[in-house]
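Taking it in order: structure first as structure tokens, then the write-up.
Number of protein chains: 2
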Amino acid sequence: MTQTNGDLFEAVSSQAQTAKAAARVLSTLSTAQKNEVLLAMGDALLSSANQILLANELDVQDAISNGQSDSRIDRLRLSHKRIEEMVSGLKQVVHLPDPVGERLSTRKRQNGLVIDQIRVPLGVVAMIYESRPNVTVDAAGLTLKTGNAVVLRGGKEALRTNSILVESLRKGLTQQGLPEGAIGFIDRPERETVDMLIRMRGLIDLAIPRGGAGLISTVVERALVPVIETGVGNCHVYVDRDADFQKATSIVINAKTQRPSVCNAIETLLVHESIASAFLPLIAADLIAKSVEIRGCEKTLAILQTLFNLHRDHIVPAQDEDFETEFSDLVLAIKVVHDEKEAIDHIDRYGTRHSEAIVSENMVAAEEFLQQVDAAAVYHNASTRFTDGFEFGFGAEIGISTQKLHARGPMGLEALTSYKYVIRGDGQIRG
Amino acid sequence: MTQTNGDLFEAVSSQAQTAKAAARVLSTLSTAQKNEVLLAMGDALLSSANQILLANELDVQDAISNGQSDSRIDRLRLSHKRIEEMVSGLKQVVHLPDPVGERLSTRKRQNGLVIDQIRVPLGVVAMIYESRPNVTVDAAGLTLKTGNAVVLRGGKEALRTNSILVESLRKGLTQQGLPEGAIGFIDRPERETVDMLIRMRGLIDLAIPRGGAGLISTVVERALVPVIETGVGNCHVYVDRDADFQKATSIVINAKTQRPSVCNAIETLLVHESIASAFLPLIAADLIAKSVEIRGCEKTLAILQTLFNLHRDHIVPAQDEDFETEFSDLVLAIKVVHDEKEAIDHIDRYGTRHSEAIVSENMVAAEEFLQQVDAAAVYHNASTRFTDGFEFGFGAEIGISTQKLHARGPMGLEALTSYKYVIRGDGQIRG
């Protein structure tokens, strides 16, 4: 290991080690104590608002000089209002029920043993994320409420902002007599720190990557600690033969255009062939009015191209790769399918198991779709945009899991917990 | 990729792909259909008993020629009785409740959406295991009952036995009209097949390694698919100042000697210093009578060595590494601790978070231990040997998880499931 690497490794491992030590303390706190800390953190953020904005301005200036895109700069930029939103986020977490200590099951065995299954914190959670500085505050709040320590590794473009945010949050901890190591923070910009962090078996209990597909697959591929994959969404709406066209158009337009950059927006529309010539012109008119580019299969083009000759720039042939792509933009692939089975097979082949919807008035078709489609969230006659911790009523969201282990779909506080078996006896031994 | 590797990769990926296709079929089976298949599998095993024993005899002869240890050969060897036990294991699985389809929660939202959280199969489970051929049958039965496909990769020393077992199990599948690909099997001995299997993202939903520490850490380090770590157990009993000595001796002897090779046996005894000079001679006499070698800390030796001068071979100084070792044998490290906190700190440092016990009549001390010790199972006045799916009343066990994600401790059928959110609406869109 080179000098620099040894130094870097030391920086990362010291944060993980102090977080682990702090996790033992956090796991024994009462709900009231944790809520006090959350409020103190919020106060500390408000008191440091001017310093936070100053540090943020430096990060934003650098991002502009480095030619970052407007959307990245927007995600990076804070304001008084955004700081207040972070603080109000912490206050919302105060009001959520504390899952830690919940008894999940009890078994009394014939030999007299009583086996309780009790919800406990995970221990130390590593968050690896990109430019949004609000993740720093959200993650600190949610992990604290669940009695976990956290190690934060944000994007290097937000390093100054995150540093001062963490400094403020730690003031909230120490004011309440807690170790500041409960919020670990990697204050170095080097990319290797991510690799180091996600390989610290025995120190890190869970790594959660939040960001683009590149970040997520890097973490999944290189991690030695358990990871929850989040966020990649190639989602579909299937408009069935027996669809109500009004519901179908409103759901497709909402799912595609209300916020096209997010993971629960749709990328492909599947249409049953027996209604294609009636439905496609309706939806195409609405899509074009919303400036959506249509990438259609042959049958789609055959129906639309003559009708929409004036808008031919907006209607182009779909390539196979279009069906694999999360456009995250005002682009929609459209495919006419022979029947529901072909729609389900298409989703099985191209989908990322995030959110999938059927629009149909036929209950048999709907139930088949809901049962057979393998995804975190399957919808009948509703927009895929509802896949969200707040919309599901969890009161918080640490991310949206697209894997099947531990947590699937929107992750609330419970996703940050594990359990242990507590067994009480009176001298029992195994025969 | 070399010719051989390409060929090997094809062999592994074809099993994973056919398993994935089969998983879609399995996920829609009723409980009754799955139970029929389990019974048909049992019948097929009994009909093939002679062929199974012949194949097993060839594996056993090879293992003997290769100089394998007696304990490995014993694990490998089948008999009519062992085949009957496998079949009765399948019948037990028939009687277990089917977790798939269970509604875990329901939320009605103000906008009229109804969100059901429904338990579903994981999809495709890869089992990577060593010599015991009964794992082949157990894993096939448990994954089938939970609607999952499985890909089995057993030890090369059991290849002939496992091949014929899988052939019989598949007869049970096809007799019931199911695809034999539901039980995938890697019929090649090369070690690289493990690496290939645990890197098939998108095909394998979960890998479970069962075997020695080497196998488990190889799988954890190299896998790209989610893994559940199983089985490594460095477990402790702490005998508190207020312990009942009779309970303490019986629990320590049981936890150490009833079956020393298993993961829930203890490796270290921690004794409160204020009772050490009274308790250690009692427990030492019992341990020595059971041929257990004691590796004691300085204080332990000071108390025991003069008293047990005749047995000085059985009482040796403990090295620091002894406290890190899963002896899996009749060896016990003993350490005198200043107080309960030192006991908990010792467990935190050296334990593998498997099973930990306190013996005490003091309820305050007991509750502190149960709350503060971070392990899958924490015991008050009972032997650690109870950490087991059958002893916990799960009716089955696919392994014992020592990680905190997804499943912790003994894993029954539920550990082989995930869930999905099923959302029913009437045209709702997000505002």
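Chains as they are written, first to last, in the numbering used here: chain A, 2 to 432; chain B, 2 to 432. From the three backbone atoms N, C-alpha and C, an ideal C-beta is built for every residue, glycine too.
The beta-carbon of residue 263 (chain A) is placed no less than 8 Å from the nearest beta-carbon of chain B. In the structure shown, the three-state DSSP call for residue 324 (chain A) is helix. The beta carbon of residue 352 (chain A) does not come within 8 Å of any beta carbon belonging to chain B, so the residue lies off that interface. Around residue 227 (chain A), the same chain offers 207 as residues with beta carbons nearer than 6 Å, after the five sequence neighbours per side are excluded. Counting only Cβ-Cβ distances below 8 Å, residue 105 (chain B) has no contacts in chain A at all, with the closest Cβ about 11 Å away.
For residue 393 (chain B), at least one C-beta of chain A is nearer than 8 Å to its own C-beta.
In the structure shown, residue 150 (chain A) adopts extended strand secondary structure according to DSSP, grouped into three states. The Cβ of residue 419 (chain B) sits closer than 8 Å to at least one Cβ of chain A. Around the CB of residue 310 (chain B), fewer than 16 other CB atoms lie within 10 Å, so the residue is classed as exposed. Put simply, the segment 23–32 of chain A touches the segment 179–194 of chain A. At least three CB pairs are less than 8 Å apart. Residue-level contact check: residue 239 (chain B) does not touch chain A, since none of the beta carbons of chain A fall below 8 Å from its beta carbon. Annotation for residue 370 (chain B): the continuous alpha helix (DSSP H) segment containing it runs 364–373.
Taking the Cα positions, residue 431 (chain A) is about 14 Å away from residue 424 (chain A). Neighbours of residue 428 (chain B) in chain A, taken as residues whose beta carbon is under 8 Å from its own, are 245, 247, 248, 251, 252, 382, 383 in chain order.
Following the DSSP letters along the chain, one finds residue 419 (chain A) inside the beta strand (DSSP E) bounded by residues 418–429.
Taking residue 323 (chain B) as the centre and dropping the five residues before and after it, the same chain places the C-beta of 296, 334 closer than 6 Å to its C-beta, in chain order. Residue 424 (chain A) has a beta carbon lying within less than 8 Å of a beta carbon in chain B. Looking at the DSSP output, residue 127 (chain A) sits in a beta bridge with A:152, A:208.
Interface annotation for the segment 155–182 of chain A against chain B: empty, criterion Cβ-Cβ distance under 8 Å.
Interface with chain A (8 Å Cβ-Cβ cutoff): residue 222 (chain B) is included. If you ignore the 5 residues before and after residue 52 (chain A), its C-beta comes within less than 6 Å of the C-beta of 165, all in its own chain and listed in chain order. Sixteen is the threshold: when 16 or more other Cβ atoms of the shown chains lie within 10 Å of the Cβ of residue 237 (chain A), as they do, the residue is buried. According to the DSSP assignment, residue 269 (chain A) belongs to the beta strand (DSSP E) that extends over 267–273.
Chain B places no beta carbon closer than 8 Å to that of residue 120 (chain A), leaving this residue out of the contacts. Taking the CA atoms as reference points, residue 134 (chain B) sits about 12 Å from residue 128 (chain B). For residue 63 (chain A), the enclosing alpha helix (DSSP H) covers residues 50–66. Taking CB atoms only, residue 225 (chain A) has a neighbour in chain B less than 8 Å away. In the structure shown, residue 15 (chain B) falls within a helical segment according to DSSP collapsed to helix, strand and coil. Among the CB atoms of chain A, one or more fall inside 8 Å of the CB of residue 377 (chain B). At a beta-carbon threshold of 9 Å, the residues of chain A lying near residue 110 (chain B) are 387, 392, 393, 394, ordered along the chain. A straight line joining the alpha-carbon of residue 270 (chain A) with that of residue 114 (chain B) spans about 22 Å. Rounded to the nearest angstrom, the Cβ distance from residue 125 (chain B) to residue 17 (chain B) is 7 Å, consistent with a contact under 8 Å. Around the beta carbon of residue 174 (chain B), 16 or more other beta carbons sit within 10 angstroms, so the residue counts as buried. The straight-line gap separating the alpha-carbon atoms of residue 293 (chain A) and residue 332 (chain A) is approximately 5 Å. For the pair residue 428 (chain A) and residue 344 (chain B), the Cα-to-Cα distance works out to about 20 Å. Contact note: residue 116 (chain A) reaches chain B through 393, using a C-beta cutoff of 7 Å and chain order.
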